[in-house]
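Take a look at the structure below.
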Amino acid sequence: MTDATISAMTGTVALPRQNGELLFDEPWESRAFGIAVALSETGTYAWDSFRTHLIGEIEGWEIENGSDSSAPGPDGEAWNYYRRWLASLEHVLVEGGVISTDELASRQLELAAHDDHDHGHDDEPEHDHDHGDSHDQIHHKTEVTT
Amino acid sequence: MGEHDDTVNYPSLRTRAIESLLVEKGILASDAVDRVVSTYEEDIGPLNGARVVARAWSDGEYKTRLLENATGAIAELGISGMQGENMVALENTSEVHNVVVCTLCSCYPWPVLGLPPYWYKSPEYRARVVVEPRAVLEELGLELDDSQELRVWDSSADIRYMVLPERPAGTDDLSEEELTELVTRDSMIGVARAGTS
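Residue numbers (the numbering used here), protein chains in the order written: chain A, -15 to 130; chain B, 7 to 203.
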């Protein structure tokens, strides 16, 4: 929190001044938010477990990148709070045995293939409300072109 | 999607994959996420906190209760949704100015302020408001008197802070409802004064 990179940033990073900006920049951010909150409400995990993961994720990013959110990190990824949120959600679910890394990876491939095959160049996030039951149709399309 | 940079699509796909698996396993109801998101987008926001502040400005006894037991005083107004954490209200005066942060992540009093703004979660604010709070507040447009003591409060899993801003001068004739309109979200985090946006 008090290391040299942070104090060296004095005045270089302007803080946003808007009051009343959008809560979420992209649709997936609101989905990731809602999933994490809903699961804590139904007792899949305690909120504090999720929070502990979130603290670790944020700290990890800051160790890699310092506290300048405008600078892309080593992997070219600039600061995004909900990326850290998503990673925390994934970890708390895998750690708790709720989902496995393997099934998550293969479902992700299925969805990507589904998008490519069925929707061509349309990459609007139109699945936000119905993808939960759309996977039945896509089991035969797990090949992904690179 | 395949022709785009993977880093653009990754979080969206990953989120959909997680939700899809959870629904399939029966762990997450298919409408649960919509319900949570719409609650935070439409129902829970800084207006709740503004009602608390306006009541405290209008009713001295309520203000006393708020400063002694904020969780209870906030519940009096029918505001709920606390996940077990305790609320603490911090009174700004001409001598003391309070400002709130969560240095470790993004703890924030959701029931009274809604979800935190982008900058509250940013590495810059979380790190710098502790080290050089006066400079950060100045960048946010708030200049304090040198004589004013500045206190920075770090939220935790158990305690969520809200600031009770100073009532602006010349507002004696305003009703509680009119006062509510003067209370901004930023004034309840402590990075602005009430009556200014």
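In this text, a Cβ means the ideal position worked out from N, Cα and C, and glycines have one as well.
Model, not experiment: these values are computed from the prediction.
Check, Outcome
"Taking only beta carbons into account, state which residues of the stretch 46 to 72 of chain B come closer than 8 Å to chain A, listed in chain order.", "Y46, E47"
"Which residues of chain A have a Cβ atom closer than 9 Å to the Cβ of L34 (chain B), listed in chain order?", "I19, A22, L23, T26, T28, G116"
"When the Cα atoms are used, what is the spatial distance from E145 (chain B) to V135 (chain B)?", "11 Å"
"Can you tell me the Cα-Cα spacing of M168 (chain B) and V106 (chain B), whole angstroms?", "7 Å"
"What alpha helix (DSSP H) runs, 4 residues minimum, are completely inside the stretch 73 to 123 of chain B?", "76 to 82, 116 to 119"
"Do you know how far the Cα of R41 (chain B) is from the Cα of D178 (chain B)?", "40 Å"
"Is there a Cβ from chain A that is less than 7 Å from the Cβ of E172 (chain B)?", "no"
"Any Cβ of chain A within less than 7 Å of the Cβ of R20 (chain B)?", "yes"
"If you measure between the beta carbons of L119 (chain B) and A198 (chain B), is that distance less than 7 Å?", "no"
"Taking Cβ positions, are A133 (chain B) and S51 (chain A) nearer each other than 7 Å?", "yes"
"Please classify L34 (chain B): does DSSP put it in a helix, a strand, or coil?", "coil"
"At which residues does the beta strand (DSSP E) containing R67 (chain A) begin and terminate?", "Counting along the chain, R67 (chain A) falls outside any beta strand (DSSP E), though it belongs to the alpha helix (DSSP H) covering 65 to 79."
"Look at E74 (chain B) and R166 (chain B) and say whether their C-beta atoms are less than 7 Å apart.", "no"
"For E108 (chain A), does the three-state DSSP call read helix, strand or coil?", "For E108 (chain A), the predicted model reports a pLDDT of 49, less than 50, meaning its position is unreliable and no value from the coordinates is stated."
"Verify the CB distance criterion: does D86 (chain A) have a CB-CB separation below 7 Å to chain B?", "no"
"Mind listing which residues of the stretch 38 to 51 of chain A have their C-beta closer than 7 Å to chain B's C-betas, in chain order?", "L38, I39, I42, E46, S51"
"Going along chain B, which residues have a C-beta under 7 Å from E79 (chain A)?", "None at all; the shortest Cβ gap to chain B is about 14 Å."
"In three-state DSSP terms, what is V169 (chain B)?", "strand"
"Hey, how far is the Cα of Y16 (chain B) from the Cα of D100 (chain A)?", "14 Å"
"According to the neighbour-count rule (16 or more other Cβ atoms, all chains shown, within 10 Å of its Cβ), is E25 (chain A) buried or exposed?", "exposed"
"By the three-class DSSP mapping on this structure, what secondary structure does E48 (chain B) have?", "helix"
"Please identify the residue among A:A97, A:T85, A:W69 whose C-alpha is closest to the C-alpha of W31 (chain A).", "A:W69"
"Taking the alpha-carbon of A56 (chain B) as reference, which of B:I195, B:S193, B:T186 has the nearest alpha-carbon?", "B:T186"
"May I have the straight-line CA-CA distance separating H98 (chain A) from R22 (chain B), to the nearest angstrom?", "12 Å"
"Are the beta-carbon atoms of A22 (chain A) and L73 (chain A) separated by less than 7 Å?", "no"
"The beta strand (DSSP E) with V6 (chain B) in it runs from where to where?", "In the structure as shown, chain B starts at 7 and stops at 203, and residue 6 (chain B) therefore has no counterpart that could be examined."
"Within the continuous alpha helix (DSSP H) that includes L185 (chain B), where are the two ends?", "182 to 186"
"Under 7 Å, do R91 (chain A) and L19 (chain B) count as touching if we go by C-beta distance?", "no"
"From this set, A:R67, A:T85, A:I42, which residue's C-alpha is nearest P11 (chain A)'s C-alpha?", "A:R67"
"Between the alpha carbons of H103 (chain B) and V94 (chain B), how many angstroms are there, rounded?", "15 Å"
"In angstroms with no decimal places, state the Cα-to-Cα distance between D49 (chain B) and A62 (chain A).", "31 Å"
"Where does A8 (chain A) fall in DSSP's three states?", "Strictly speaking, residue 8 (chain A) in this sequence is Phe, with Ala absent from that position. Of the three classes helix, strand and coil, the one that applies to F8 (chain A) here is coil, per DSSP."
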